[in-house]
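In our numbering, the protein residues as written are 2 to 382. Ideal Cβ positions, reconstructed from N, Cα and C, are used throughout, including at glycine. Remember, predicted model here, so these are calculated numbers, not experimental data.
This is the structure we're talking about:
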């Protein structure tokens with residue numbers, strides 16, 4: 002009897018460990034593997050001009066016919082955009098200033114409002130991502146029209162509107178970063194007209210039972226009651242909690258780069274895992290560098306199915322070129338996948354315009370062909 006109890010205790014320990022999430026290791030792995038991942042509190046006070054110019058010019062629009070809003074993009078348009086980079090003003094080392102976002106705001110490849118696209122302006126190649134309120138920033142440069150800052154956020158660098166940034170000091174960032182915080186558990190939470198997305202962190206100054214005196218990005222403080230949409234600090238990972246969070250966003254419209262506050266495939270994954278303290282990079286190609294790779298492709302659907310049956314639900318990601326999906330385990334002998342998807346092709350060749358966050362069953366929904374496109378299966382352990 003004693004031996005049996007000891008065995009059960011060991012089994013319980015192993016089971017608990019299997020379903021935990023080693024966020025410290027994974028965050029360090031991401032930081033070491035992806036140059037875009039930075040701790041803004043550790044960002045240097047000066048940046049050399051060569052690095053800054055490289056960052057400003059490292060990305061470009063895709064090749065082919067492009068539009069700027071409702072007309073063809075011309076070489077004159079491109080030249081005007083490049084002039085706004087204000088490269089000629091860069092010389093020697095750049096003094097870095099610091100600050101944070103005052104509200105949800107877009108980060109762009111170039112400092113312009115207009116969408117650059119191939120016919121669908123909602124697929125804006127100039128839009129990198131949506132930044133949440135109180136996102137810490139290293140401010141590196143200013144556009145020639147004085148309307149934009151070039152900044153480095155913890156997981157991406159690009160242009161944001163100056164009017165959406167509060168300039169401060171590194172010391173003040175450190176002070177705010179040392180405060181206790183609440184993690185947002187639902188999307189589009191509004192506090193005093195400031196909207197927050199799932200995974201956002203809201204610092205607080207005081208606590209009284211279930212009420213908190215939170216600090217807003219403007220510097221204003223506000224007493225709020227937690228009605229279940231917030232958690233003190235990061236949530237401990239569990240399969241059930243992860244499932245609830247991923248399913249809470251089902252049906253949300255697809256939003257390339259976070260357009261209109263919606264999710265694309267990689268922001269869906271990143272934002273949910275932020276609730277558990279895991280800070281993933283922004284795009285799927287970078288996310289593919291995090292975790293343990295257990296497969297790089299499959300010769301058949303059966304091979305894929307047999308492997309997935311052995312892997313942990315909601316800790317396993319499946320990557321295609323430019324796309325990421327979350328493995329949600331097996332249900333009714335079918336593989337469950339969660340993802341934000343613009344369009345997808347079934348195994349009979351039918352192209353579906355989905356445009357939302359969905360839960361798919363590979364066999365039931367006709368996606369057994371996806372095994373042909375998988376380039377990596379990663380497990381967070």
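Would you call the CB atoms of residue i and residue j closer than 8 Å?
{"i": "residue 110", "j": "residue 132", "result": "no"}
{"i": "residue 236", "j": "residue 277", "result": "yes"}
{"i": "residue 201", "j": "residue 185", "result": "yes"}
{"i": "residue 288", "j": "residue 337", "result": "no"}
{"i": "residue 341", "j": "residue 358", "result": "yes"}
{"i": "residue 102", "j": "residue 218", "result": "yes"}
{"i": "residue 298", "j": "residue 177", "result": "no"}
{"i": "residue 374", "j": "residue 329", "result": "no"}
{"i": "residue 87", "j": "residue 144", "result": "yes"}
{"i": "residue 318", "j": "residue 355", "result": "no"}
{"i": "residue 367", "j": "residue 348", "result": "yes"}
{"i": "residue 28", "j": "residue 280", "result": "yes"}
{"i": "residue 53", "j": "residue 95", "result": "yes"}
{"i": "residue 34", "j": "residue 91", "result": "no"}
{"i": "residue 211", "j": "residue 232", "result": "no"}
To the nearest whole angstrom, what separates the beta carbons of residue i and residue j, a pair I think is in contact under 8 Å?
{"i": "residue 126", "j": "residue 118", "result": "6 Å"}
{"i": "residue 215", "j": "residue 225", "result": "6 Å"}
{"i": "residue 310", "j": "residue 381", "result": "Their Cβ separation, rounded to whole angstroms, is 18 Å, which puts residue 310 and residue 381 out of contact at 8 Å."}
{"i": "residue 171", "j": "residue 247", "result": "35 Å between Cβ atoms; not a contact."}
{"i": "residue 37", "j": "residue 282", "result": "6 Å"}
{"i": "residue 264", "j": "residue 155", "result": "Residue 264 to residue 155, Cβ: 18 Å. No contact."}
{"i": "residue 162", "j": "residue 148", "result": "7 Å"}
{"i": "residue 250", "j": "residue 188", "result": "6 Å"}
{"i": "residue 312", "j": "residue 295", "result": "7 Å"}
{"i": "residue 323", "j": "residue 285", "result": "6 Å"}
According to DSSP, what are the bridge partners of residue i?
{"i": "residue 354", "result": "344"}
{"i": "residue 335", "result": "332"}
{"i": "residue 159", "result": "152"}
{"i": "residue 361", "result": "338"}
{"i": "residue 208", "result": "213"}
{"i": "residue 143", "result": "150"}
{"i": "residue 379", "result": "294 and 318"}
{"i": "residue 174", "result": "According to DSSP, which records beta bridges pairwise, residue 174 is partnered with nothing at all."}
{"i": "residue 117", "result": "69"}
{"i": "residue 324", "result": "321"}
So, at 7 Å on beta carbons, what are the nonlocal neighbours of residue i in its own chain, with the 5 sequence-adjacent residues on each side left out?
{"i": "residue 175", "result": "42"}
{"i": "residue 123", "result": "257 and 260"}
{"i": "residue 456", "result": "Absent from the model: residue 456. The displayed extent of the chain is 2 to 382, so no value can be given."}
{"i": "residue 11", "result": "Low per-residue confidence applies at residue 11: pLDDT is 31, beneath 50, and the placement is therefore not dependable, though the value from the model is reported in the following sentence. Once the five neighbours on either side are set aside, residue 11 has no close Cβ partner at all."}
{"i": "residue 69", "result": "78, 115 and 117"}
{"i": "residue 24", "result": "277, 278 and 279"}
{"i": "residue 363", "result": "335, 336, 338, 369 and 371"}
{"i": "residue 14", "result": "The pLDDT assigned to residue 14 is 31, lower than 50, so where the model puts this residue is not dependable; a value taken from the coordinates is nonetheless given after this. Cβ neighbours of residue 14 beyond the five flanking positions: none."}
{"i": "residue 30", "result": "291"}
Whose C-beta lies closer than 8 Å to the C-beta of residue i among residues of the same chain, with five residues either side of it excluded?
{"i": "residue 97", "result": "44, 45, 46, 47, 48, 139, 140 and 141"}
{"i": "residue 104", "result": "134, 165, 195, 196 and 218"}
{"i": "residue 113", "result": "82, 85 and 127"}
{"i": "residue 222", "result": "206, 214, 215 and 216"}
{"i": "residue 159", "result": "108, 109, 110, 129, 130, 151 and 152"}
Spatial neighbours of residue i within its chain, please: CB distance less than 6 Å, with the 5 preceding and 5 following residues excluded, ordered by chain position.
{"i": "residue 292", "result": "379, 380 and 381"}
{"i": "residue 372", "result": "299, 302 and 305"}
{"i": "residue 346", "result": "352"}
{"i": "residue 65", "result": "none"}
{"i": "residue 152", "result": "138, 140 and 161"}
Measure from the C-beta of residue i to each C-beta in chain C and report whether the shortest distance is under 8 Å.
{"i": "residue 362", "result": "Within the model displayed, chain C is absent; a lone protein chain is all it includes."}
At 3 residues or longer, what runs of the beta strand (DSSP E) sit wholly inside the stretch 53-114?
Within the stretch 53-114, the complete beta strand (DSSP E) runs of at least 3 residues are 98-102 and 106-109.
Minimum length 4: unbroken alpha helix (DSSP H) runs contained in the stretch 212-296:
DSSP runs (the alpha helix (DSSP H)) wholly in the stretch 212-296: 240-249, 266-275 and 285-288.
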